[in-house]
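**Q** Residue numbers (our numbering): 16 to 294.
Before I ask anything, let me first share the structure, which is written out below as structure tokens.
Dropping the structure here:
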């Protein structure tokens with residue numbers, strides 16, 4: 016699959032052809048020029064059994080994380096929670112080892128249980144702690160229909176991701192007329208569901224990256240906002256990611272990763288497997 020990575024100004028100039036939006040499917044990216052590495056992981060939690068989910072949770076989550084895990088009622092939510100936390104811990108530990116940093120609190124091996132991932136309700140963002148000391152890293156996650164998308168940067172940057180499953184029974188024209196900016200609704204009427212989902216993941220990603228509420232962004236022209244209000248924000252998106260379920264039915268998703276001061280040249284998305292969670 017070819018990867019076309021474009022900044023918002025170029026996309027603004029090519030907003031009509033949906034093909035001008037960038038596409039990607041595999042992952043792991045580092046922009047050496049900006050020295051702002053960005054890791055992006057994609058994982059299908061539907062492949063986890065309930066036994067595997069419970070075992071991973073009891074083995075790798077901290078006591079506080081495990082309490083959050085047990086409060087999740089839906090099996091799908093439990094799977095998404097444990098997978099996201101373990102993958103984030105893997106990214107953090109790999110970064111610490113690669114940077115040859117002195118581990119906080121002693122020289123003993125850095126275990127997953129010494130890394131804690133917590134959601135800061137006040138700031139509406141995930142924070143990572145190693146032995147109770149917060150790290151200056153940035154993490155954003157999103158999940159839809161069992162798919163978990165994670166972006167990680169060892170820098171303090173504005174970062175947001177979103178993944179959304181195409182839903183056959185969703186009336187995208189009616190929804191866009193009710194929630195979207197007038198220009199966006201007109202484009203959805205012309206281009207259909209592909210444009211609806213692309214704008215949706217852009218709005219969600221921007222809301223996370225800029226720490227705004229999604230309701231504050233729904234009725235605004237998102238591409239104009241990116242061009243003029245957030246000129247340092249760039250993004251990469253795709254609608255070519257598909258998953259086949261046990262009934263051999265294909266499900267399509269739209270994904271967006273958005274960040275400040277990050278170039279997306281050569282970006283790849285790494286699709287993780289169950290074995291990756293256990294290593």
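All C-beta atoms in this analysis are idealised placements derived from N, C-alpha and C, irrespective of residue type, glycine included.
What three-state label does DSSP hand residue 193 in the structure shown?
**A** helix
**Q** Measuring only the C-alpha atoms, how far is residue 41 from residue 243?
**A** Reliability fails at residue 41, whose pLDDT of 29 lies under 50, so the model's placement of it is uncertain and no value is given.
**Q** Can you tell me whether residue 237 is buried or exposed? The criterion is at least 16 other CB atoms within 10 Å of its CB, across all chains shown.
**A** buried
**Q** Do residue 234 and residue 195 have their beta-carbon atoms positioned less than 9 Å apart in this structure?
**A** With respect to residue 234, residue 195 sits close: the two C-beta atoms are nearer than 9 Å.
**Q** Would you tell me roughly how many angstroms separate the C-alpha atoms of residue 264 and residue 59, rounded to the nearest one?
**A** The alpha-carbon of residue 264 is positioned some 15 Å away from that of residue 59.
**Q** Name the one or two DSSP bridge partners that residue 135 has.
**A** 140
**Q** Buried or exposed for residue 90, going by 16 or more other Cβ atoms inside 10 Å?
**A** exposed
**Q** Could you tell me if residue 273 is buried or exposed, where buried requires 16 or more neighbouring beta carbons within 10 angstroms of its beta carbon?
**A** The residue is buried, with at least 16 neighbouring Cβ atoms inside 10 Å.
**Q** How about residue 179 and residue 191: are their beta carbons less than 9 Å apart?
**A** It is not a contact, given that the beta carbons lie outside the stated cut-off.
**Q** Closest to residue 188 by CA distance: which of 214, 164, 172, 168 is it?
**A** 214
**Q** Whose C-beta lies closer than 6 Å to the C-beta of residue 275 among residues of the same chain, with five residues either side of it excluded?
**A** 172, 173, 247, 248
**Q** From the DSSP output, in three-state form, read off residue 36 for me.
**A** Note on residue 36: pLDDT 33, under 50, position unreliable in the model; no value is reported.
**Q** May I ask which residues mark the beginning and end of the beta strand (DSSP E) holding residue 251?
**A** 248-259
**Q** Can you grab the Cα-Cα spacing for the pair residue 184 / residue 266, in whole Å?
**A** 13 Å
**Q** Can you check which of these residues, 224, 252, 205, 103, is closest to residue 126 by C-alpha distance?
**A** 103
**Q** For residue 291, name the three-state secondary structure that DSSP assigns.
**A** helix
**Q** So, under 8 Å CB-CB, residue 176 and residue 220 are touching, yes? Tell me the CB distance rounded to an integer number of Å.
**A** 6 Å
**Q** If you draw a straight line from the alpha carbon of residue 101 to that of residue 65, how long is it in whole angstroms?
**A** Here the alpha carbons of residue 65 and residue 101 stand approximately 16 Å from one another.
**Q** Under three-state DSSP, which class holds residue 244?
**A** Reduced to three states, the DSSP call for residue 244 is helix.
**Q** Cα-Cα, which of 256, 258, 241 is closest to residue 250?
**A** 241
**Q** Are there 16 or more other CB atoms within 10 angstroms of the CB of residue 230, so buried, or fewer, so exposed?
**A** exposed
**Q** Let me check one thing: in DSSP terms, what residues is residue 268 bridge-paired to?
**A** 180, 256
**Q** Helix or strand or just coil, what does DSSP make of residue 276?
**A** coil
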